[in-house]
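In the numbering used here, the protein residues as written are 9 to 306.
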């Protein structure tokens, strides 16, 4: 199968079951809403070393927010409900509550919730105030510039982490142009994030290592500088590989993000599109590239 002359390998991306949440941060201006969200999602590229994966989903217009101010939607994913709750408490407490004029709301309707504002309220040292609005409980925590408003509980749900595809190109210039274009198209899909810097991974990993103290190491079969030393998966025409990793609240959303991203990446200078998997033995979700491009999930 080819798209614009680019080979689509007959393989699949292997993704994992995670737990996800969506939060809304508002502030007095778009700048400060983005600042709080950017700070909160720092050091959140991979659960391997960061404890969670997080990113900005989209900007939210004032008409969509509870307080009529500019907002930012953030998605955060972890491997369990408890670890997700811990990450929400730590990141909102340290990065959103500290940010000028910010407020924080649950932005995911779900029957399952975790206590966040209900724990952060203790920072108010007994001067925090509870308020019930439309069946939702909020806490007003006194801070030095006024009050920090936060919802008591946040919705969580089963989610999908690690949807991915590999872009194999002739040179860095071509592959970076194609990957940036793919990231831009994926950014239009609701319900997903790309947790790595700018949505792009240069140091893809495999789940093994010659060193016993490591559980992941460089994806050596796709490293062009050592192709003569390893069981390389690269042809002589390929001199650079970049990866896009996608997390989403729903399987269909991850599949759609992969579809538009792959199509956008098929530009001159790109040799092949592939994906990372572990033979189907570890991940609960299998995204077959050719099925995705044909409009179905395998």
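Just so it is clear, CB atoms sit at the ideal spot from N, CA and C, and this is done for glycine as well.
Next item on the list: Under 8 Å by Cβ, that's how I've got residue 30 and residue 257 pegged, so tell me the actual separation to the nearest angstrom.
Entry: Working through the chain shown from its first residue, we reach residue 30 at position 22. Working through the chain shown from its first residue, we reach residue 257 at position 249. Residue 257 and residue 30 do touch by the CB rule: their CB atoms are close to 7 Å apart, below 8 Å.
Next item on the list: Measuring alpha carbon to alpha carbon, tell me which of 79, 190, 155 ends up nearest residue 250.
Entry: Residue numbering aside, residue 250 sits at position 242 when the chain shown is read from its first letter. Minimum Cα distance to residue 250 is reached at 190.
Next item on the list: Sort out for me which residues DSSP pairs residue 247 with in a bridge.
Entry: Residue numbering aside, residue 247 sits at position 239 when the chain shown is read from its first letter. Partner(s): none; residue 247 has no beta bridge.
Notebook entry, point to check: Can residue 70 and residue 76 be called in contact, C-beta distance under 8 Å?
Noted result: Within the chain shown, numbered from 1, the residue matching residue 70 stands at position 62. Within the chain shown, numbered from 1, the residue matching residue 76 stands at position 68. In this structure, residue 76 lies closer than 8 Å to residue 70 by Cβ.
Note to self: In the DSSP assignment, the alpha helix (DSSP H) including residue 93 goes from what residue to what residue?
What the structure shows: Locating residue 93 in the chain shown gives position 85, where the first residue counts as 1. Per DSSP, residue 93 belongs to the alpha helix (DSSP H) from 89-99.
Margin query: Here's the rule I'm using: 16 or more other beta-carbon atoms within 10 Å means buried, otherwise exposed. How should residue 293 be labelled?
Written below: Position 285 of the chain shown, counted from the first residue, corresponds to residue 293. The residue in question, residue 293, is buried, as its Cβ has 16 or more Cβ neighbours within 10 Å.
Checklist line | First and last residue of the uninterrupted alpha helix (DSSP H) at residue 271 | finding: Counting from one through the chain shown, the residue named residue 271 turns up at place 263. Its alpha helix (DSSP H) spans residues 259-273.
Next item on the list: Can you say whether residue 12 is buried or exposed, counting buried as having 16 or more other CB atoms within 10 angstroms of its CB?
Entry: Looking up residue 12 in the chain shown gives position 4. Classification of residue 12: exposed, given that the 10 Å Cβ count is below 16.
Check: Is it buried or exposed for residue 261, if we count other Cβ within 10 angstroms and need 16 for buried?
Finding: The count along the chain shown starts at 1 and reaches residue 261 at position 253. Counting other Cβ atoms within 10 Å of its Cβ, residue 261 reaches 16 or more and is therefore classed as buried.
Notebook entry, point to check: Roughly how many whole angstroms lie between the Cα atoms of residue 278 and residue 232?
Noted result: Counting from one through the chain shown, the residue named residue 278 turns up at place 270. Counting from one through the chain shown, the residue named residue 232 turns up at place 224. So the alpha carbons of these two residues sit roughly 15 Å apart.
Check: Between 283, 74, 131, 37, which lies nearest to residue 253 when the distance is taken from Cα to Cα?
Finding: Within the chain shown, residue 253 is the residue found at index 245, counting from 1. Comparing C-alpha distances from residue 253 to each of 283, 74, 131, 37 shows the shortest one belongs to 283.
Next item on the list: Classify residue 34 as helix, strand or coil using the three-state DSSP reduction.
Entry: Taking the first residue of the chain shown as position 1, residue 34 is located at position 26. Residue state, collapsed to three classes: strand.
Item checked: Minimum C-alpha distance to residue 81 - residue among 176, 199, 218 -> By 1-based counting over the chain shown, the position of residue 81 is 73. That would be 199, whose Cα lies nearest to the Cα of residue 81.
Notebook entry, point to check: Among all the DSSP beta bridges, which residues are the ones paired with residue 146?
Noted result: As a position in the chain shown, residue 146 is number 138, starting the count at 1. Partner(s): 139, 159.
Item checked: Proximal residues to residue 238 (C-beta, below 8 Å), its chain only, five neighbours per side dropped -> As a first step, residue 238 is located in the chain shown; it is residue number 230 there, counting from the start. Closer than 8 Å at the Cβ level, and outside the excluded window around residue 238, lie 228, 229, 231.
Item checked: Spatial distance of residue 26 from residue 94 (CA atoms) -> Translated into the one-based positions of the chain shown, residue 26 becomes position 18. Translated into the one-based positions of the chain shown, residue 94 becomes position 86. Looking at the two C-alpha atoms, the distance is approximately 15 Å.
Check: Alpha carbon to alpha carbon, how far is residue 280 from residue 14?
Finding: The count along the chain shown starts at 1 and reaches residue 280 at position 272. The count along the chain shown starts at 1 and reaches residue 14 at position 6. Cα to Cα, residue 280 sits roughly 5 Å from residue 14.
Notebook entry, point to check: How many angstroms separate the CA atom of residue 37 from the CA atom of residue 96?
Noted result: Reading the chain shown from its first residue, position 29 is the one you call residue 37. Reading the chain shown from its first residue, position 88 is the one you call residue 96. The straight-line gap separating the alpha-carbon atoms of residue 37 and residue 96 is approximately 23 Å.
Checklist line | Run of the beta strand (DSSP E) containing residue 153, from where it starts to where it stops | finding: As a first step, residue 153 must be located in the chain shown, where it is residue number 145. Under the DSSP assignment, residue 153 falls outside any beta strand (DSSP E); it carries neither an H nor an E label.
Margin query: In the DSSP assignment, the alpha helix (DSSP H) including residue 184 goes from what residue to what residue?
Written below: Looking up residue 184 in the chain shown gives position 176. For residue 184, the uninterrupted alpha helix (DSSP H) run begins and ends at 180-194, by DSSP.
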